[in-house]
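Student:
In the working numbering, the protein residues as written are 19 to 187.
(1) With a Cβ-Cβ cutoff of 9 Å, do residue 127 and residue 34 count as a contact?
(2) For residue 117, count the other beta carbons within 10 Å of its own beta carbon; 16 or more makes it buried, fewer makes it exposed. Which is it?
(3) If you follow the beta strand (DSSP E) that residue 81 is part of, which residue opens it and which one closes it?
(4) What is the DSSP secondary structure of residue 56, reduced to helix, strand or coil?
(5) Using C-beta distances below 6 Å, list every residue in its chain close to residue 101, excluding the 5 sequence neighbours before and after it, in chain order.
(6) Rounded to the nearest angstrom, what separates residue 112 and residue 172 at their Cα positions?
(7) Compute the Euclidean distance between the alpha carbons of residue 61 and residue 48, then round it to the nearest angstrom.
(8) For residue 68, which three-state DSSP category applies?
(9) Pick out whichever of 153, 131, 162 has its Cα sitting closest to the Cα of residue 146.
(10) Excluding the 5 residues preceding and the 5 following residue 158 in the sequence, name in chain order all residues of the same chain whose CB lies nearer than 8 Å to its CB.
(11) Would you mind sorting residue 164 into buried or exposed? The rule is 16 or more other CB atoms within 10 Å of its CB.
(12) Anyone know if the C-beta pair for residue 143 and residue 82 falls short of 9 Å?
(13) When the distance is taken between beta carbons, is residue 121 closer than 9 Å to residue 175?
(14) Starting from the N-terminal side, write out each stretch of the beta strand (DSSP E) that is 3 residues or longer and does not extend beyond the stretch 90-160.
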């Protein structure tokens, strides 16, 4: 009987620790996302481009769609509830599947990025994007810190999943 209680206590401790790691990761991404977007609004005129490096510019644009401007033109009355439902699902997945610090960080990055973009959509009617990588006529779609958090979070989860499945074998 004590062994079962001990295992249950270990699971609760792990979930609690992973929840804290997720929360901290989400807050860090959300903080830097909103800080950079506030800075862009304050210092870069809409549509204006500032070259930071030969391959990197900051351009203040509004994206009323989702990643890569998909669903552009769809009402935010549809996109905000959809985004909140997705965030809720990701939080549920994170609580269920975070078994390592890496997965907790990955889920936290995704949650923080998603919340940052929902904030934008709620406050501005669109997401503020500003990071533009370009080279010799080619350019990557303009994005923001929240998008980077989401992408890095997914990458962390994939890498963690790969290595944790190898360790189980």
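In this text, a Cβ means the ideal position worked out from N, Cα and C, and glycines have one as well.
Tutor: Quick look at the numbers:
(1) Taking 9 Å as the Cβ cut-off, residue 127 and residue 34 do not qualify as a contacting pair.
(2) Burial call: exposed.
(3) Bounds of the beta strand (DSSP E) holding residue 81 are 74-81.
(4) Three-state DSSP puts residue 56 in a helix.
(5) Sequence-distant Cβ neighbours of residue 101 in its own chain, meaning closer than 6 Å and more than five residues away, are 136.
(6) Taking the straight line joining both Cα atoms gives about 12 Å.
(7) Taking C-alpha positions only, residue 61 is separated from residue 48 by approximately 20 Å.
(8) In the structure shown, residue 68 sits in a strand (DSSP, three-state: E or B).
(9) The candidate whose alpha carbon is nearest that of residue 146 is 162.
(10) Cβ within range, chain order: 150, 151, 152.
(11) A buried status is given to residue 164, since no fewer than 16 other beta-carbon atoms sit within 10 Å of its beta-carbon.
(12) It is a contact, given that the beta carbons lie within the stated cut-off.
(13) Yes, the Cβ-Cβ distance between residue 175 and residue 121 is below 9 Å.
(14) Entirely contained in the stretch 90-160, the beta strand (DSSP E) runs reaching 3 residues are, in chain order, 145-153.
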